[in-house]
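From first to last, the protein sequence lines are chains D, H and G. Heads up: take any position in the first sequence, counting from 1, add 30, and you land on this note's numbering. Heads up: take any position in the second sequence, counting from 1, add 30, and you land on this note's numbering. Heads up: take any position in the third sequence, counting from 1, add 30, and you land on this note's numbering.
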Amino acid sequence: MKTMRHIIDLSDLTEKEFADLYKLTTNIIDRPEGYTDACRGKVLGSLFYEPSTRTNLSFSTAMMRLGGSVVGFSDPGSSSTAKGETLKDTISMVSSYADLIVMRNPREGAAKAASMYSSVPVINAGDGGHLHPTQTLTDMVTILRLRGSADDMKIGLCGDLKYGRTVHSLLHFLERYHNVQVYLIAPEALKLPDYMIRFLNDHSMPYCEVNSIDEVLPELDVLYMTRIQRERFVTAQEYKNLEGSYQLTAEKMKRAKKDMLVLHPLPRVDEIAQDVDEDPRAVYFRQARFGMFGRMALLLTLSKLPFIRAGHQEIGAHGVRCSNHKCITKTEPYLPLEGTPGSRCPYCDAPLEMLL
Amino acid sequence: MKTMRHIIDLSDLTEKEFADLYKLTTNIIDRPEGYTDACRGKVLGSLFYEPSTRTNLSFSTAMMRLGGSVVGFSDPGSSSTAKGETLKDTISMVSSYADLIVMRNPREGAAKAASMYSSVPVINAGDGGHLHPTQTLTDMVTILRLRGSADDMKIGLCGDLKYGRTVHSLLHFLERYHNVQVYLIAPEALKLPDYMIRFLNDHSMPYCEVNSIDEVLPELDVLYMTRIQRERFVTAQEYKNLEGSYQLTAEKMKRAKKDMLVLHPLPRVDEIAQDVDEDPRAVYFRQARFGMFGRMALLLTLSKLPFIRAGHQEIGAHGVRCSNHKCITKTEPYLPLEGTPGSRCPYCDAPLEMLL
Amino acid sequence: MKTMRHIIDLSDLTEKEFADLYKLTTNIIDRPEGYTDACRGKVLGSLFYEPSTRTNLSFSTAMMRLGGSVVGFSDPGSSSTAKGETLKDTISMVSSYADLIVMRNPREGAAKAASMYSSVPVINAGDGGHLHPTQTLTDMVTILRLRGSADDMKIGLCGDLKYGRTVHSLLHFLERYHNVQVYLIAPEALKLPDYMIRFLNDHSMPYCEVNSIDEVLPELDVLYMTRIQRERFVTAQEYKNLEGSYQLTAEKMKRAKKDMLVLHPLPRVDEIAQDVDEDPRAVYFRQARFGMFGRMALLLTLSKLPFIRAGHQEIGAHGVRCSNHKCITKTEPYLPLEGTPGSRCPYCDAPLEMLL
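Dropping the structure here:
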């Protein structure tokens, strides 16, 4: 990882870069005491424009376990900066204090935008519904560590496959492995979107779509559960009906393979019953811990890169605008935006459209 | 302290364990520079489900003075976790990151519940009106350090003896010492509850109830003041009348022993007049500092214990429920609850009742 | 800096003390790795009674880069202490935990009041519209570091010169240098107040007042920009008219000296156009970084001072009161207040008046 400065999407990493990152992660897991001072004297700027206690704690703990320190804010309410100032200025300011920046922001494309004005590496800790690379890192470390490899894996993805950002990112990354078979377990209203189906087809990843966990459970090597948000359904009854098909219970686990892994990005609601927690195959809390170790490896790798000041002089849009109303360019109008209508927004990947 | 993993109540400590803890505290007080790296590389998870700046700062400072780090949240508003998730899952997650957990929670019994799902030691920093062991530790360190012993002590407890959790905990702990004489100084409406009076009788602790500080001040070795909350009284006049009897002033202090100690758990309102602060017998701010040292000793002791994963598989209640509507079992229904009606709730100590 | 304990106003420093502080700052800038452990084991109490993310992050980062730790609160909402307790008690408590205190408070004179009850050094991080010494330190370090000296400097001050606390403090400090020529660039409604004009006259500092940046830009060695708050104007049109005269753009910069420095205390709104940012003369983000180094030097200097307990016994006012309704004495009535009507308040410097 010599030239990369920012982590906007995990798929930005080359195979070699990811292999190095995973190797460092396992070294830290096996010998954490060897890294107690690895980032001593370094300061992480942790900018959470919306609360995300889990991700926030994971990054902070990771930095502290490396001997580094953390400053920042954990929600916009306690931050005067987050309110009255452009993202550009906040990032310019924080990158003049800190050695690394981690940012969570509700606007899609915000991480890419921030990286353009930062003189230190920026890690995307979630930009709206767009990307969340360290969740995918968490998932991959868990699979690789507990299963040895992601090759020849039968993985079931269950729950909200439509809006579930983590599922899309994981599928994007799994494309790198051989013979991954995908089982899509979702109600009609929450099926994997067309563009993701196209992605699977384009990369020759075999998949099938099913209507309940039961249909495929005995086949699976990994079951990746996600939360189904109650508010996505019209009636409580409708929701109740679905629960039976997309909820995992200790009873159902009896039919699963002895070494199947159950993953979940957390927090869960009730898609995994409490009685599954004591099953050794339920590794979602260990997954959280692996995520912390993965983040330690990432922070350590980036903190050792040489300092290169970013330089971006273009201002404003040139004849086009982004079609996504959640895009960061909607609230930060100075961001440079070039391209032809129909090409991808450089921030959030949505199509550009003609500026009227 | 070999087997104990969690600190829910200070009375859980054996005499030997407490003696060791106090000895370590005094060592830290006398030579703080010897402990600068004692918890280096350790991370404290600090979970405050309601704000308590004083306790929060004390624990955080204690951990930092040992060279450790602190992550967590200081009020539920800035925590996404605190809202959407069971206590069990939050604790499972945080204990996968941190080496120790300190928790403040408005539900009674929450500390016990949390300890069941934590893979690291949990310290109760207050569970509603139930227990607050490190306040009692603070009080005891102050008395022992400044007086040498709690034996043969005449202690006056003044203010709100009905709702004052700290007073009850202190009395429970003082039972271990010889010949402690208790003066209960409270208005009628805020007298010590019957079950605490029974406790004093059961443990042969001599006590008397009086109506003003003046009546007993010259007798006392220690005067433990507590806050009287204005809102407990119907009229402002009623409150005013009480003030004269239960407020300590520089004038009154003239009649006290030359070496009497004035303690207060803080914050105070006006039950101790500002003009008392400069009196060397007014040790409440030193008490806060002793509390920090006591917490350092506690954190250090627990951080050295071997890692033992808790295992609790029982789910839900079995024919009984807790009679206390503030009990943690009311909001976390998966918590195992066994016993017969009339026996004590394992979380909050209130009586169990038949589940209808 | 042998006897000074608190930093309420930067002008409290003698020339020698400031020279030492600046020398230490430059040493840290040139060799930051030499200070990684300089405050190891020390704890900074950071008390922000109103949010100020920028100042807060700067102090926290400064302490952490010295190897120290930070505890405290960043806004009153998350602090139980900030609400229910006198400033005196909060400071007594925090100074029993921490080695240094940094405080931001909306009441004028609050820093002076806090220093009276603290057993550790207090640094004023802004007390209402009164003083903000580390902003002036930031400005001075930037000028001295990038220009070599403040002597023989032509400095333009642009924007809100009426309410701009930073401008007043900077002028007070610049009085120490030789031949500083001041250009006051402000709209009629926001001109420098009479008492500051008197200050310039009293100290023989030459100045002129002008109506737009353009008039004087080619003359200036330093241009100090400040924010004009939109809400100070009656109509949007009125505001728009002003913008042309008091906004800096890349176009205007063409007429400025090749080595002119543009400073700004930040955050900016639109008084400096985005297109100025890439100009190497625009040093406001470097200024933020210099501020962090200045604060490191200050924290390090104060942390090495011997411990001297403050002692203040006087209580309440003696026949006078402060005429400033934002003064800390209005909310903390126990503060001692002596003097004759017309003399200066010892906290906020406003005139005292007869107590009726």
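Note that CB positions come from ideal geometry on N, CA and C, so glycine has one too.
On a Cα-Cα basis, can you pick out the residue from Leu385/H, Tyr254/H and Lys118/H that is closest to Thr172/H?
Along the second sequence, one-based indexing puts residue 172/H at 142. Shortest Cα-Cα distance from Thr172/H to any of Leu385/H, Tyr254/H and Lys118/H involves Tyr254/H.
Outcome for Gln277/D when other beta-carbon atoms lying within 10 angstroms are tallied against a minimum of 16:
Numbered from 1 along the first sequence, position 247 holds the residue referred to as residue 277/D. By the neighbour-count definition (other C-beta atoms within 10 Å, threshold 16), Gln277/D is a buried residue.
For the region 278 to 286 of chain D against the region 241 to 259 of chain D, are there 3 or more C-beta pairs whose distance is under 8 Å?
Cβ pair count under 8 Å is three or more, so yes.
Would DSSP call Tyr207/G helix, strand or coil?
Translated into positions along the third sequence, residue 207/G becomes position 177. When DSSP states are grouped into helix, strand and coil, Tyr207/G belongs to the coil group.
Phe103/G at chain B interface by Cβ criterion, 8 Å
Among the chains of the structure shown, chain B does not appear; the protein chains present are D, H and G.
Reduced DSSP secondary structure (H/G/I, E/B, other) of Leu386/H
By one-based count along the second sequence, residue 386/H stands at place 356. Note: Leu386/H maps to coil in three-state DSSP.
In the DSSP output, what is Glu239/H paired with across the bridge?
Counting from 1 along the second sequence, the entry for residue 239/H is found at position 209. Per DSSP, Leu214/H.
Identify which residue in Asp224/H, Lys270/H and Lys184/H has its Cα closest to the Cα of Leu291/H.
For this step, residue 291/H is matched to residue 261 along the second sequence. Measuring from the Cα of Leu291/H, the nearest candidate turns out to be Lys184/H.
Can you tell me which of Gly369/H, Ile258/H and Leu385/H puts its alpha carbon nearest to the alpha carbon of Glu218/H?
For this step, residue 218/H is matched to residue 188 along the second sequence. In this structure, Ile258/H is the residue among Gly369/H, Ile258/H and Leu385/H with its C-alpha nearest to the C-alpha of Glu218/H.
Limits of the unbroken beta strand (DSSP E) element including Ala155/H:
Working through the second sequence from its first residue, we reach residue 155/H at position 125. Per DSSP, Ala155/H is one residue of the beta strand (DSSP E) stretching across Val152 to Asp157.
With DSSP as the reference, identify every bridge partner of Gly274/D, one or two as the case may be.
The residue labelled residue 274/D in the question sits at position 244 within the first sequence. According to DSSP, Gly274/D bridges with nothing at all.
Ser125/G CB to nearest chain D CB: under 8 Å?
What you label residue 125/G is simply residue 95 of the third sequence in a count that begins at 1. No, no contact with chain D.
Would you verify that the beta carbon of Leu130/G is, or is not, closer than 8 Å to some beta carbon of chain D?
Here residue 130/G corresponds to residue number 100 of the third sequence, with the count starting at 1. Chain D, which has no Cβ nearer than 8 Å to the Cβ of Leu130/G, makes this no.
Where the beta strand (DSSP E) through Asn135/H begins and ends:
Residue numbering aside, residue 135/H sits at position 105 when the second sequence is read from its first letter. Taken as a continuous stretch (DSSP letters only), the beta strand (DSSP E) holding Asn135/H covers Leu130 to Asn135.
Cβ of Leu191/G within 8 Å of Cβ of Val197/G?
Counting from 1 along the third sequence, the entry for residue 191/G is found at position 161. Counting from 1 along the third sequence, the entry for residue 197/G is found at position 167. In contact: Leu191/G and Val197/G (Cβ atoms closer than 8 Å).
Going along chain H, which residues have a C-beta under 8 Å from Val73/G?
Here residue 73/G refers to the residue found at position 43 of the third sequence. Correct list: Thr91, Met94 and Arg95.
Taking only beta-carbon positions, decide if Pro115/D is within less than 8 Å of chain G.
As a position in the first sequence, residue 115/D is number 85, starting the count at 1. The amino acid occupying residue 115/D in the given sequence is Glu; Pro does not appear at that position. It does: the Cβ of Glu115/D has a partner Cβ on chain G nearer than 8 Å.
Whether or not the region 34 to 42 of chain H and the region 159 to 170 of chain H are in contact is what I'm after, with contact meaning three or more pairs of Cβ atoms, one per stretch, closer than 8 Å; do they touch?
Result yes; three or more Cβ-Cβ pairs closer than 8 Å.
The beta strand (DSSP E) that contains Ser76/D, what's its start and end?
Position 46 of the first sequence, counted from the first residue, corresponds to residue 76/D. Ser76/D -> beta strand (DSSP E) spans Val73 to Phe78.
Given a limit of 7 Å on CB to CB distance, which residues of the region 295 to 320 of chain D reach chain G?
With the criterion set as a beta carbon lying under 7 Å from some beta carbon of chain G, the region 295 to 320 of chain D has no members that meet it.
Which stretch, first to last residue, makes up the beta strand (DSSP E) that contains Lys184/H?
On the second sequence, position 154 is the one that residue 184/H refers to. Start and end: Lys184 to Cys188.
Give the DSSP-derived three-state secondary structure of Val313/H in the structure shown.
Within the second sequence, residue 313/H is the residue found at index 283, counting from 1. Reduced to three states, the DSSP call for Val313/H is coil.
Quick one: Cα of Tyr314/G to Cα of Ile121/D, how far?
The residue given as residue 314/G occupies position 284 in the third sequence. The residue given as residue 121/D occupies position 91 in the first sequence. Those two C-alpha atoms are separated by around 13 Å.
Of the listed residues Ile59/H, Gly156/H and Leu74/H, nearest to Pro81/H (C-alpha basis)
For the purposes of this step, residue 81/H is taken as residue 51 along the second sequence, with counting starting at 1. Measuring C-alpha to C-alpha distances from Pro81/H to each of Ile59/H, Gly156/H and Leu74/H identifies Gly156/H as the nearest.
Neighbourhood of Thr168/G by C-beta, 7 Å cutoff - its chain only, sequence neighbours within 5 removed:
The residue labelled residue 168/G in the question sits at position 138 within the third sequence. Scanning its chain for C-beta atoms nearer than 7 Å, with the 5 sequence neighbours on each side dropped, one finds around Thr168/G the residues Gln317, Phe320, Gly321 and Gly324, in chain order.
Show which residues of chain G have a CB atom less than 7 Å away from the CB atom of Ser82/D.
Within the first sequence, numbered from 1, the residue matching residue 82/D stands at position 52. Under the 7 Å cutoff, chain G gives no residues; its nearest Cβ is about 17 Å from Ser82/D.
To the nearest angstrom, how far is the alpha carbon of Leu77/H from that of Arg134/H?
For the purposes of this step, residue 77/H is taken as residue 47 along the second sequence, with counting starting at 1. For the purposes of this step, residue 134/H is taken as residue 104 along the second sequence, with counting starting at 1. If you draw a straight line from the Cα of Leu77/H to the Cα of Arg134/H, it comes to about 6 Å.
Residues within the region 139 to 151 of chain D neighbouring chain H, beta-carbon criterion of under 7 Å:
Per Cβ criterion, the list is empty.
Chain D beta carbons: is any one of them nearer than 8 Å to that of Ser99/H?
Indexing the second sequence from 1 puts residue 99/H at position 69. Cβ-Cβ to chain D under 8 Å: yes for Ser99/H.
Reduced DSSP category for Met255/G - H, G, I as helix; E, B as strand; rest coil
Sequence index remark: in the third sequence, residue 255/G carries index 225 (1-based). Correct three-state label for Met255/G: strand.
Any heavy atom of the ligand GDP inside 7 Å of the beta-carbon of Thr55/G?
Here there are no bound small molecules, and the ligand GDP is not part of this structure.
Between Ser122/G and chain H, is any beta-carbon pair separated by less than 8 Å?
Counted from its first residue, the third sequence places residue 122/G at position 92. Closer than 8 Å to some Cβ of chain H, the Cβ of Ser122/G qualifies, so yes.
With 8 Å as the threshold, decide whether the Cβ of Leu65/H is near any Cβ in chain D.
Residue mapping note: residue 65/H aligns to position 35 of the second sequence, counting from 1. This sequence places Tyr at residue 65/H; Leu is not what is there. False, the Cβ-Cβ gap to chain D never drops below 8 Å.
Cβ closer than 8 Å: which chain G residues qualify as neighbours of Tyr364/D?
The residue given as residue 364/D occupies position 334 in the first sequence. For Tyr364/D, the residues of chain G that pass the 8 Å Cβ criterion are Gln304, in the order they occur in the chain.
Below 8 Å on C-beta distance, what does Met322/H contact in chain G?
The count along the second sequence starts at 1 and reaches residue 322/H at position 292. Under the 8 Å cutoff, chain G gives Ser126 and Tyr127.
For Ser99/D, which residues of its own chain have a beta-carbon under 6 Å away from its beta-carbon, when the five flanking residues on both sides are left out?
Counting from one through the first sequence, the residue named residue 99/D turns up at place 69. Val73, listed in sequence order.
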